[in-house]
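Enquirer:
Residue numbers (our numbering): 480 to 695.
This is the structure:
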C-alpha cells in the first residue's frame, strides 16, 4: 500500500509540474504579470485534482493541504519565466507538456478514486475530470474555447488512460505499477499522435443548414 501511495504521489507531482509549465507558458504568451503566471500555473496544475477530491470526499483537497503541489507549481512557473526562450524552442511546448499532464492525471485520478473505494465507472469519470479540469480552467481564464469542447482528441485520450487503469485493477496477475505505466504510455502516445497527424473526432456537418440559409 505504501509503494502504491508513493507511486501515486510521484506521478501526481510529475503531472503537476507538466501542467504548471503548460499553464505558465500560456500565461506568459498572454503577457500576464508574475502573480498571474504563478496563479494560472497553480490553477491549471491543481484544478482537476481539487475537483476530484471534492467529489470523492477527500476534504480538504490535497492541492491545498500538501505543500509539495504549490512548490512544484511555483517552481515550474519560475523555470518557465526564466527560460521562456528555451521553452519556446520546443515544438508547441504548451501542447507537449499538456499531453504529459493529461496522461499523468488521467492515471493518478483513476487510481485515487479506486483507492477510496469507488467503482470503476466513477474512477473513469473522475480520472477524466482530473486530467482535463485544469486545462478547462486555463482556457476559460484566458478567454479561449476549452480544448475538450473542440474536435481534438483530448478527453478521449484521458478516457482510454483511465479505462486501462480500471480494467487493470481487475487483473490480479498484472502489477499495478505496470498497469499505470501502460495507461500513461497509451494516453500520451494517442494524444501526441493525434496532434502530429491532426486526428480529430467527427464534427456534424453544417452543409445542409448552409444550403437552406442560402436558398431563396
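Even glycine gets a Cβ: it sits at the ideal position worked out from N, Cα and C.
None of these values were measured; they are calculated from a predicted model.
#1: Taking the alpha helix (DSSP H) that residue 551 falls in, what are its first and last residues?
#2: Could you tell me which of 657, 533 and 632 sits nearest to residue 643, measuring between CA atoms?
#3: Could you tell me the alpha carbon to alpha carbon distance between residue 549 and residue 499, rounded to whole angstroms?
#4: Report the option in 554, 524 and 556 whose CA atom is closest to the CA atom of residue 543.
#5: For residue 643, name the three-state secondary structure that DSSP assigns.
#6: Check the C-beta distance from residue 559 over to residue 507 and give it rounded, since I have them as a contact under 8 Å.
#7: So what's residue 629 in DSSP terms, helix, strand or just coil?
#8: Alpha carbon to alpha carbon, how far is residue 533 from residue 539? Give it in angstroms, no decimals.
#9: Would you mind giving the Cβ-Cβ distance between residue 625 and residue 619, rounded to the nearest angstrom? I have them listed as a contact below 8 Å.
#10: How about residue 586 and residue 659: are their beta carbons less than 8 Å apart?
#11: Verify whether the separation of the beta carbon atoms of residue 673 and residue 640 is less than 8 Å.
#12: I think residue 580 touches residue 497, with their Cβ atoms under 8 Å apart; what is that distance to the nearest whole Å?
#13: For residue 583, I'd like the list of residues in its chain whose CB is within less than 6 Å of its CB, leaving aside the five on either flank, ordered along the chain.
#14: Counting along the chain, where does the alpha helix (DSSP H) carrying residue 657 start and finish?
#15: Roughly how many angstroms separate the alpha carbons of residue 576 and residue 517, rounded to a whole number?
#16: Would you list, in sequence order, the uninterrupted beta strand (DSSP E) runs of no fewer than 3 residues that lie entirely inside the stretch 573-612?
#17: At a cut-off of 7 Å, would you count residue 658 as near the ligand COA, judging by its Cβ distance to the nearest heavy atom?
#18: Buried or exposed for residue 530, please, with buried defined as at least 16 other CB atoms from any protein chain shown within 10 angstroms of its CB.
#19: Starting from residue 650, trace the alpha helix (DSSP H) in both directions and tell me its first and last residue.
#20: Beta-carbon separation of residue 616 and residue 522 under 8 Å?
Expert: Let me lay it out:
#1: 546-561
#2: 657
#3: 10 Å
#4: 524
#5: helix
#6: 6 Å
#7: coil
#8: 8 Å
#9: 7 Å
#10: yes
#11: no
#12: 4 Å
#13: 490, 493 and 494
#14: 655-676
#15: 16 Å
#16: none
#17: Ligands are entirely absent from the displayed structure, and the ligand COA is therefore not among its contents.
#18: buried
#19: Taken as a continuous stretch (DSSP letters only), residue 650 belongs to no alpha helix (DSSP H), as it is neither H nor E.
#20: yes
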